[in-house]
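Asker: So the protein lines, in turn, are chains A and B.
So the first sequence is residues 4 to 368, counted in our numbering.
So the second sequence is residues 44 to 414, counted in our numbering.
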Amino acid sequence: MSVATTPAAGAHPETGHITMDTWVCPLPLRDYPAIVMGHGGGGQLSAELVQHLFRPAFAPNATDALGDAAVLSLPGTRIACTTDTFVVQPLEFPGGTIGSLAVHGTVNDLAMVGARPIAITAGFVLEEGLPMAQLARIVRDMARAAHDAGVRIVCGDTKVVERGHGDGVYINTTGIGALAENLHIGPERARPGDVVLLSGHIGDHGMAIMSRREGLEFGSPIASDSAALHTLVADLLAAVPDVHVLRDPTRGGVAASLNEIAGDAGVGIAIDEQVVPVRATVRAACEVLGLDPLFVANEGKLLAIVPPECAERALEAMRAHALGTQAAIIGHVVADHPGMLVARTGLGARRVITMPIGEQLPRIC
Amino acid sequence: MKYLTEFRDGEVAQRMAAEIRQLTTRPWAIMEVCGGQTHSILRNGIDQLLPSEIELIHGPGCPVCVTPLEVIDQALAIAAQAGVIFCSFGDMLRVPGSEKDLFRVKSEGGDVRVVYSPLDAVALARQHPDREVVFFGIGFETTAPANAMAVHVARREGLRNFSMLVSHVLVPPAIDAIMRSPANRVQAFLAAGHVCSVMGFWQYPPLVKQHQVPIVITGFEPLDVLDGILRTVRQLERGEAAVENAYARVVTFDGNRTAQALLEDVFAVGDRAWRGIGLIPQSGWHLSAAYRDYDAAHRFSVTGIRTQESPLCRSGDVLQGTIKPTACSAFGAQCTPRTPLGATMVSTEGACAAYFNYGRTVQLERLTITR
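1) If you drop the 5 nearest sequence neighbours on each side, which residues of the same chain put their C-beta closer than 8 angstroms to that of V245 (chain A)?
2) Taking the CB atoms as reference points, tell me whether V336 (chain A) and V198 (chain A) lie closer together than 9 angstroms.
3) Have a look at the DSSP bridge pairing and note the partners of N288 (chain B).
4) In terms of residue numbering, what span does the beta strand (DSSP E) encompassing I235 (chain B) cover?
5) Any Cβ of chain B within less than 9 angstroms of the Cβ of C368 (chain A)?
6) Taking the straight line between their C-alpha atoms, what separation do you get for V55 (chain B) and H340 (chain A)?
7) Below 8 angstroms on the Cβ atoms is my contact criterion, and I expect L373 (chain A) with A330 (chain A) to pass it. Report the Cβ-Cβ distance as a whole number of Å.
8) From the DSSP output, in three-state form, read off P29 (chain A) for me.
9) Compute the distance between the beta-carbons of P103 (chain B) and G385 (chain B), then report whether it is under 9 angstroms.
10) Let me know if G327 (chain A) comes out buried or exposed under the rule of 16 or more other beta-carbons within 10 Å of its beta-carbon.
11) Is there at least one Cβ from chain B nearer than 9 angstroms to P29 (chain A)'s Cβ?
12) Using a cut-off of 7 angstroms between C-beta atoms, extract the partners of L92 (chain B) located in chain A.
13) Can you give the beta carbon distance from S83 (chain B) to F263 (chain B), rounded, assuming they're within the 8 angstroms contact cut?
14) Would you say Q303 (chain B) reaches chain A, if we count a Cβ-Cβ gap shorter than 9 angstroms as a contact?
15) Going by DSSP, what residues sit across from W245 (chain B) in a beta bridge?
16) Tell me which residues share the same chain as E220 (chain A) and place their Cβ nearer than 8 angstroms to its Cβ, disregarding the 5 neighbours each side in the sequence.
17) Starting from the N-terminal side, write out each stretch of the beta strand (DSSP E) that is 3 residues or longer and does not extend beyond the stretch 117-194 of chain A.
18) Taking C-beta pairs closer than 8 angstroms, name the residues in chain B that L391 (chain A) reaches, listed in chain order.
19) Please identify the residue among A:S229, A:G334 and A:A317 whose C-alpha is closest to the C-alpha of Q277 (chain A).
20) Report all residues from its chain with a CB closer than 8 angstroms to the CB of G43 (chain A); omit the five preceding and five following residues, and keep chain order.
21) Can you check the stretch 164-227 of chain B for any alpha helix (DSSP H) of at least 4 residues that lies completely inside it and give the ranges in chain order?
22) In chain A, what lies closer than 8 angstroms to I218 (chain B) by C-beta?
23) According to DSSP, simplified to helix, strand and coil, what is M343 (chain A)?
24) Please classify L344 (chain A) as buried or exposed, where buried requires at least 16 neighbouring CB atoms within 10 angstroms.
25) Any beta carbon from chain B within less than 9 angstroms of Q277 (chain A)'s own beta carbon?
26) Counting C-beta neighbours from all protein chains within 10 Å, is the total for G180 (chain A) 16 or more, i.e. buried, or is it exposed?
27) Any idea what DSSP makes of Q363 (chain B), helix, strand or coil?
28) Determine the burial state of Y7 (chain B): buried for a count of at least 16 other Cβ atoms within 10 Å of its Cβ, exposed for fewer.
29) Give the residues from the stretch 72-102 of chain B that approach chain A closer than 7 angstroms (Cβ to any Cβ), ordered along the chain.
30) At a Cβ threshold of 9 angstroms, is T357 (chain A) touching chain B?
31) Go ahead and pull the three-state DSSP assignment for V309 (chain B).
32) With 9 angstroms as the threshold, decide whether the Cβ of D295 (chain A) is near any Cβ in chain B.
33) What first and last residue would you give for the beta strand (DSSP E) that runs through P324 (chain B)?
34) Pair every Cβ in the stretch 117-125 of chain B with every Cβ in the stretch 214-231 of chain B, then say whether three or more of these pairs are closer than 8 angstroms.
35) For R198 (chain B), decide whether its Cβ has a neighbour in chain A, counting only Cβ atoms nearer than 9 angstroms.
36) Quick one: does G385 (chain B) have its CB under 9 angstroms from some CB of chain A?
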């Protein structure tokens, strides 16, 4: 079995760089095909899990000893910090896993204040009995997402809970990013006249999860849009340095995000429902279940609010990026109806879109 | 989407609305029976296109709203029992019982699951022979065939661990009860298209004849609803009262005879209490004698239920169209979608929840924003 100081399976023989396509899961870990309580006990089994699974995946070239804390060198003095916990079911879904979702979610939280993501921590809560092969797939997917996003997973922790006390895997992440001196992006900066942009189709993630969770099948499978948005943000900021607000519309969807911004800034937001991009399959799935795409979660989309004179430039910059090809201007910030989101319907009427109360519930008929 | 986008065309909608405005010479109160129509009206802002003379009254066709408190409490008691898997459609989970809702029961350890079809509950019964699987079978004639099929399949397969808590209600007796009410203001009905897709509309001519009230079978997309209103107003303005089918792409006079035969086999018509309204004779279905073993109310003898409606809630008056939600003293104060006192504030199809949002829209109108 390999030890941490030798290149991991899949690492390039000369450079030692891991290439995710060739990386092979270093299974089997001892004789355990599944997580046992001992993997969280702090003894040999814990050490092996770190040595043979997490470390080769997340830090294949690291030669330093495993200390109690990672030591990072960060540029500048403005540091962005965020934390998030991932409990998604199912653990693996079309378009990603809980592992890649954890990376993307954390990177995106950093990106939404304009920060360049630098490092992520990973705390795992594993349920006794979790198949080792499944954990390896999740870890591999997480490593791939971090690798692709150019962000390092620098430290972590593993705990094991008894069978029945967890849903396989929970992941907590903390992300640290570096922020330029003059950058101030925040919901309070939305002001009347500003333009609201959306980077692409909404509802993909929520409907991918729901269709998998409930065993619903629609014409063509819906894949999650889970993606790291920091390069899209970088391109946007290069074109429009004075972006006022960025928000990734995750839980609660576009409706929740825009309601929050309207509330925080004390402004109204008016959108045109007709121009909000929604894939035909997602729209159809929402119709079947009685859901409104505006309330469905996204994991690879952003809302940007920019001064009106920058709107076209912002749209061009977003559309030029692979994650923003379907970007659209969907509305405006207004002085009227402060704190409220109002949509113009397909009939030219208007409706107030309220903050969702809890989870959206499929309607009975 | 085929058969959907065509019925959401904004320009055609404007033309139809203009025609309605042209036809209308005096005030008319029209009830859309089905909560799905209420939802469509508010979601699309159809009411904003209509002349001020036309008042749409939201009817009792929201299954979540009219399921009696006693049945909800029964459901909560069954769902809390050890060994039970309690299955329900999603929006029933937040409906308040006397003390709590199904979400609360779930958080307290009850195995409450949202399913999309009653047959999913039957499948659960198959997978868990050691558990009692109970499905909350509520709704109108629309959801009834699938519920009937679930019980039918369970009996055919001899699944002894499946049962259904049934609280089915029927539209025609409700229309009759509304027309008989001394406080009634309704002058015409948009009948629920999906109910009629199952039942047809052979039940309506006698009602029209007896009460001299126009009934137009109406669909759910914006143009469907506008077409229903247009035909209704035309009849009202001419002083006519007839059954019209404005949803012919789905509804036939006979309806789905196969489904009706199944319903007749599995269910029997009986008196039924409607939450907020009270008992309406012969207005509901319960499981027929042949299926008594599959009746959860029979299998789980839940006793000691003492229902306690909020003394402030006036959802009954709202459901009958005698008061507007805003006339209730609790509206928007003690009672909001977040803290509902009655079921009409829960579902997006509920009149009070709809008005809660609509009221905010009305405030908007005063702001004179250009459309």
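Even glycine gets a Cβ: it sits at the ideal position worked out from N, Cα and C.
Answerer: In this structure, then:
1) Going by the sequence as given, residue 245 (chain A) is Asp instead of Val. Closer than 8 angstroms at the Cβ level, and outside the excluded window around D245 (chain A), lie V309, P310 and C313.
2) yes
3) B:I260
4) Correcting the residue identity first, residue 235 (chain B) is Ala in this sequence and not Ile. Note, A235 (chain B): beta strand (DSSP E), A231 to A235.
5) At C368 (chain A), the pLDDT of 46 sits below 50, so the modelled position is not reliable; the number obtained from the coordinates is stated separately. Yes - at least one Cβ of chain B is within 9 angstroms of the one on C368 (chain A).
6) 29 angstroms
7) Absent from the model: residue 373 (chain A). The displayed extent of chain A is 4 to 368, so no value can be given.
8) Confidence is the limiting factor: at P29 (chain A) the pLDDT is only 45, short of 50, which leaves the residue's position unreliable and the question unanswerable from this model.
9) no
10) buried
11) Confidence at P29 (chain A) is low in this model, with a pLDDT of 45, below 50, so its placement is unreliable and no value can be given for it.
12) L350 and A352
13) 5 angstroms
14) no
15) DSSP output for W245 (chain B) lists no bridge partner at all.
16) S214
17) 119-130, 155-164 and 172-181
18) The first residue shown for chain A is 4 and the last is 368, placing residue 391 (chain A) beyond what the model contains.
19) A:G334
20) S49, L129, T161, K162, V163 and V164
21) 187-199 and 214-223
22) Going along chain A, no residue has its Cβ under 8 angstroms from I218 (chain B), so there is no contact; the nearest lies around 18 angstroms.
23) coil
24) buried
25) yes
26) buried
27) coil
28) Residue coverage of chain B in this structure runs from 44 to 414, which leaves residue 7 (chain B) outside it and unanswerable.
29) G79, L85, R86, N87, G88, I89, Q91 and L92
30) yes
31) helix
32) yes
33) G321 to L330
34) no
35) no
36) no
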